[in-house]
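Encoded as structure tokens, the structure appears first; notes follow it.
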Amino acid sequence: RIRSKAQPSLLLKCVVVMLVACEEGGKTFTVTFKLLSGEPVAGLGGLQVRADDKVDVLLIALAAASGTSHWQLFFENYELHAGEPIAGCGMADDVTVNAILTRKGGIELAVRRLLTTICIESLPNIVEQLVLIEVDNASELDVLIFSMWQKMKCDPCNGKAYGHMFVALRTHYPEFQPEEGHQRPITFTRILLNTVQNEFERSMLPLSENAEEAMEQKEYAVTIVKFIGQLFVEHLLAPKVIGQVLHDLIGVRADRADPPPECFVECVCELLRVSGSLLDSAPMGKALLNQVLARLVDLMRKVGPDGSIY
Numbered sequence: 001r002i003r004s005k006a007q008p009s010l011l012l013k014c015v016v017v018m019l020v021a022c023e024e025g026g027k028t029f030t031v032t033f034k035l036l037s038g039e040p041v042a043g044l045g046g047l048q049v050r051a052d053d054k055v056d057v058l059l060i061a062l063a064a065a066s067g068t069s070h071w072q073l074f075f076e077n078y079e080l081h082a083g084e085p086i087a088g089c090g091m092a093d094d095v096t097v098n099a100i101l102t103r104k105g106g107i108e109l110a111v112r113r114l115l116t117t118i119c120i121e122s123l124p125n126i127v128e129q130l131v132l133i134e135v136d137n138a139s140e141l142d143v144l145i146f147s148m149w150q151k152m153k154c155d156p157c158n159g160k161a162y163g164h165m166f167v168a169l170r171t172h173y174p175e176f177q178p179e180e181g182h183q184r185p186i187t188f189t190r191i192l193l194n195t196v197q198n199e200f201e202r203s204m205l206p207l208s209e210n211a212e213e214a215m216e217q218k219e220y221a222v223t224i225v226k227f228i229g230q231l232f233v234e235h236l237l238a239p240k241v242i243g244q245v246l247h248d249l250i251g252v253r254a255d256r257a258d259p260p261p262e263c264f265v266e267c268v269c270e271l272l273r274v275s276g277s278l279l280d281s282a283p284m285g286k287a288l289l290n291q292v293l294a295r296l297v298d299l300m301r302k303v304g305p306d307g308s309i310y
């Protein structure tokens, strides 16, 4: 895709180059990345690609080396876009691609750097630094929160510290008006809770047939529900939300026909370990807790879907 004006002769030359590149789709060559300063991208040397690869290969390599996928790539007069074939961009020999870190990429890397080590003791200083990250629109705020989420899910042992952090940050960022005026403003808390809901729904998907992938799914599901419990303890979620999560996991009625997977039962136990004390202190929560405990007792007498005893 040409981003600058070009003479007809240049356009004809580019078309010829693209056609030749397409004919040589199986050819392998090296792509070197450079920043606008002329320096190479740290941790990324020459990348071997095929002419029939797509630009996505370049973006994936950059993300793996830098920690963010938010880059703009340019080859001569072209801006490269995900989904486009490399051959269609005129690359047919060893080339250099210029990489520009976008604002979103800068936000993601800043978050990752600040959350390299997090604990309750270091939290005040980390929060002070995080609030200095400027976001100009809802899209950038979404990147900020999702970057924090990505770090949290890789560090589940510090779920309590992350819960405190989200509570401390929620009033420090501006709210943005949605494109459609009748919708609610987009706030830090709204994006956070939408992220939690989406990730919880993703964790409910059927387990992979691959044993290693299935284990990762189980561990992630436990991480999600533990963090949901922490958000409840931080008063960011209402008891009825916890009730819905518990219902989705194992149901709260003994006459539910389909027994839940064992990992869902484990998720419930972890959720109660984090939030059970607070649930027990509220009338609505106490009733919910009694229902869930009765359901767990009922499951103890049943056989799981794989033939095992819970």
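Residues 1 to 310, numbered by our numbering, are exactly what the sequence shown covers, in order.
Quick reminder that beta carbons are idealized off the backbone N, C-alpha and C, glycines included.
| Item | Value |
| --- | --- |
| Gly159 classed as buried or exposed, judged by whether at least 16 other C-beta atoms fall within 10 angstroms | buried |
| DSSP state of Glu50 mapped onto helix, strand, coil | Per the sequence presented here, residue 50 reads as Arg, with Glu not at that position. Residue state, collapsed to three classes: strand. |
| Between the CA atoms of Ile242 and Ile228 - distance to the nearest angstrom | 8 Å |
| C-alpha gap between Leu299 and Phe188, whole angstroms | 39 Å |
| Buried versus exposed call for Val297 [16 or more other C-beta atoms within 10 Å across all chains shown] | exposed |
| Beta-carbon separation (whole angstroms), Leu278 vs Val233, contact threshold 8 Å | 6 Å |
| Closest Cα partner of Glu216 within the set Arg103, Cys154, Leu193, Gln177 | Cys154 |
| Cα-Cα separation between Glu201 and Cys263, rounded to whole angstroms | 15 Å |
| Pairwise C-alpha distance: Gly38 and Ala214 | 44 Å |
| Contact under 9 Å by Cβ, Phe74 with Met91 | no |
| Strand pairing of Val97, partner residues [DSSP] | Phe33 |
| Contact between the region 114 to 129 and the region 64 to 84 (3+ Cβ pairs under 8 Å) | no |
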